[in-house]
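A.B. asks: With our numbering, letter number 58 in the sequence shown gets 59, and the count goes up by one each step, no holes.
So that we are looking at the same thing, I have put the structure below in structure tokens.
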Amino acid sequence: MAILGAGIMGASLALMMARRGYAVSLFDKESEPMACASRWNEGKIHLGYLYGNDPSLLTARHLLSGGLCFGRLVSELIGSNLEAHTTFSEDLYLVHRNSIVAAEALGAIFERVDVLVRSHADATSYLADVSAARSNRLSKTELADVTNSDQIVGGFQVPERSVNTRWVADRLCAALRGEPNISLRMASKVLSAQPVDGIDGKWRVAVASEKRAFDIVVNCLWEGRLAVDRTAGIEPVPGWSHRYRLCLFGRTSQPVDLPCAVVALGPFGDIKNYDGRNFYLSWYPSGLLAESGELSIETPQALDADARQRFIGDVRATLTRLVPVVSSMFDDAEELEVRGGFVFAQGRGSLSDPKATIHRRDQFGVNRLGNYISVDTGKYSTAPWLADRLARQICGID
Ligand SMILES: Cc1cc2nc3c(=O)[nH]c(=O)nc-3n(C[C@H](O)[C@H](O)[C@H](O)COP(=O)(O)OP(=O)(O)OC[C@H]3O[C@@H](n4cnc5c(N)ncnc54)[C@H](O)[C@@H]3O)c2cc1C
Numbered sequence: 002m003a004i005l006g007a008g009i010m011g012a013s014l015a016l017m018m019a020r021r022g023y024a025v026s027l028f029d030k031e032s033e034p035m036a037c038a039s040r041w042n043e044g045k046i047h048l049g050y051l052y053g054n055d056p057s058l059l060t061a062r063h064l065l066s067g068g069l070c071f072g073r074l075v076s077e078l079i080g081s082n083l084e085a086h087t088t089f090s091e092d093l094y095l096v097h098r099n100s101i102v103a104a105e106a107l108g109a110i111f112e113r114v115d116v117l118v119r120s121h122a123d124a125t126s127y128l129a130d131v132s133a134a135r136s137n138r139l140s141k142t143e144l145a146d147v148t149n150s151d152q153i154v155g156g157f158q159v160p161e162r163s164v165n166t167r168w169v170a171d172r173l174c175a176a177l178r179g180e181p182n183i184s185l186r187m188a189s190k191v192l193s194a195q196p197v198d199g200i201d202g203k204w205r206v207a208v209a210s211e212k213r214a215f216d217i218v219v220n221c222l223w224e225g226r227l228a229v230d231r232t233a234g235i236e237p238v239p240g241w242s243h244r245y246r247l248c249l250f251g252r253t254s255q256p257v258d259l260p261c262a263v264v265a266l267g268p269f270g271d272i273k274n275y276d277g278r279n280f281y282l283s284w285y286p287s288g289l290l291a292e293s294g295e296l297s298i299e300t301p302q303a304l305d306a307d308a309r310q311r312f313i314g315d316v317r318a319t320l321t322r323l324v325p326v327v328s329s330m331f332d333d334a335e336e337l338e339v340r341g342g343f344v345f346a347q348g349r350g351s352l353s354d355p356k357a358t359i360h361r362r363d364q365f366g367v368n369r370l371g372n373y374i375s376v377d378t379g380k381y382s383t384a385p386w387l388a389d390r391l392a393r394q395i396c397g398i399d
């Protein structure tokens, strides 16, 4: 079989299929697997709290199953426990004064998400046991310990954790290279996928240097997915968007005590402390480099030295204004890496518009046309779960 795209979706599926005895050709345009969004993101393993502007809770329900089994599935794939590379405290959810949902209303939504989380059969399988999950509104004193900014008008502690995505990416790369049933076809940009003789037969994959037919083709190309789907005869459903976001990955020379926090639902910002020395910082308004509703989008040029310094300065100044202790990460930084990736969403509009469809993420998953399968990963946190379901389906287990 051919798997197109070696991000967390394609890599997880390739390992699952190869270990069930399938010969897998894994294609990617980059020279290494796991080089794009799946290496350079925050690694929040979603339980649904971030989607507080979806009161139907459809997004939370759709994200929850994937988030709860992420740790178990990834540990099986890489043969190693994630505990030492998982944020060790619960997230602080800081409500920005321009939040499109007021703190009181968020509190009510969070209580409903708590119930969903607690009552899920896999609640004990999350990165930390969440079978008694309860979001807590921070008191004034607790909030003042974190922020003295008048831009933050409330806060909650929510039971979500994040994983160090660079560490996971390195382990997944090693697992792929160690798997004899996987043939890595790197530096191969996929141009098209077409049926050889009807959709239920073989499918031909074209890269620049060759065309080859496979029994099954699975498209996990993320920002490149829709263009190849169209060549396969699957017309994208209108209303998607591609956004390219930059963020900052920091490493300090000694342990620094930063809280894990998310600023939402106005301008978004994130602070993640994975192990005391490795950090992720983002300020969405500074990091949004490109946005498009077109079928495909080019990766923006890397920042030049001046623009890179400006970006680092912006993130530092903004996050330090909100959470002053962030400056200690910059003071002790021995490495600051500016990296980015695409966010694909079956939704559009500005995050500041409460009616924008971007606030819902309940449409991702698998679309099948005979032996051609297209997968919208949705989130990093849902990829291994989707891969597991798809692998079982292909092998006829479910
Ligand atoms: C800044 C940022 C923060 C994020 N934070 C989170 C978070 O906290 N939690 C979460 O769950 N999700 C988060 N996400 C989303 C998450 O990163 C993605 O949902 C996930 O990584 C997608 O995985 P993937 O395997 O589908 O895509 P990718 O990892 O992008 O893999 C797709 C692969 O396809 C390759 N490719 C594309 N087109 C072609 C082509 N034509 N030919 C050959 N190869 C091609 C690419 O090179 C790439 O390697 C974030 C994203 C960004 C950008």
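Even glycine gets a Cβ: it sits at the ideal position worked out from N, Cα and C.
1. Does the segment 54–73 come within contact of the segment 118–131, defined as at least 3 CB pairs closer than 8 Å?
2. Is T358 near ligand 1, in the sense that its beta carbon is under 7 Å from a heavy atom of that ligand?
3. Comparing alpha-carbon positions, which option in V339, L337, G342 and R362 lies nearest R349?
4. Just verifying my parser: in three-state terms, what is the DSSP assignment at C248?
5. Does DSSP classify D305 as helix, strand or coil?
6. Taking its Cβ as the centre, do 16 or more other Cβ atoms sit within 10 Å of D377, making it buried, or is it exposed?
7. When you compare the segment 178–195 with the segment 57–64, are there three or more beta-carbon pairs, one atom per stretch, that lie closer than 8 Å?
8. For a quick check, are the C-beta atoms of I101 and G251 less than 8 Å apart?
9. What do you reckon, are the CB atoms on L83 and V218 nearer than 8 Å?
10. Under 8 Å between the Cβ atoms of N165 and H86?
11. Report the rounded CA-to-CA distance for N368 versus R309, giving the unit in angstroms.
12. Under a three-way DSSP split, which group does I395 fall into?
13. Which residues bound the beta strand (DSSP E) around W204?
14. May I ask you to verify whether the segment 311–318 touches the segment 135–155, counting CB pairs closer than 8 Å and requiring at least 3?
15. By the DSSP assignment, the alpha helix (DSSP H) with W241 in it spans what residues?
16. At a threshold of 7 Å, does D29 count as lining ligand 1 (C-beta to nearest heavy atom)?
17. Could you pull out every residue in the same chain whose Cβ sits closer than 8 Å to the Cβ of L58, ignoring the five residues on either side in sequence?
18. Look at the alpha carbon of R119 and the alpha carbon of K273, and state the distance between them as a whole number of angstroms.
19. Is the separation between the beta-carbon of K30 and that of A228 shorter than 8 Å?
20. In this structure, does DSSP put D258 in helix, strand or coil?
21. Leaving out the 5 sequence neighbours to the left and right, which residues in its chain are closer than 6 Å to N279 when beta-carbon positions are compared?
22. Run the proximity test for K380: is its beta-carbon closer than 7 Å to any non-hydrogen atom belonging to ligand 1?
23. Under the criterion of a Cβ to heavy atom distance below 7 Å, does W223 qualify as lining ligand 1?
24. Tell me whether E211 sits in a helix, a strand or coil according to DSSP, three-state version.
25. Based on DSSP bridge pairs, tell me the residues matched to D271.
C.D. replies: Well, looking at it:
1. yes
2. no
3. R362
4. strand
5. coil
6. buried
7. no
8. Going by C-beta atoms, I101 is not nearer than 8 Å to G251.
9. No. Outside cutoff.
10. yes
11. Straight-line spacing of the CA atoms in N368 and R309 works out to 39 Å.
12. helix
13. W204 to V208
14. no
15. Unbroken run through W241: none, as it is neither H nor E.
16. For ligand 1, at least one heavy atom lies less than 7 Å from the Cβ of D29.
17. G49, I110, R113, V114 and L117
18. 24 Å
19. The Cβ-Cβ distance between K30 and A228 does not fall below 8 Å.
20. coil
21. N165 and R252
22. If you check the C-beta of K380 against ligand 1, you find a heavy atom less than 7 Å away.
23. Yes, Cβ of W223 sits closer than 7 Å to a heavy atom of ligand 1.
24. strand
25. Note: D271 sits in a beta bridge opposite V263 and S283.
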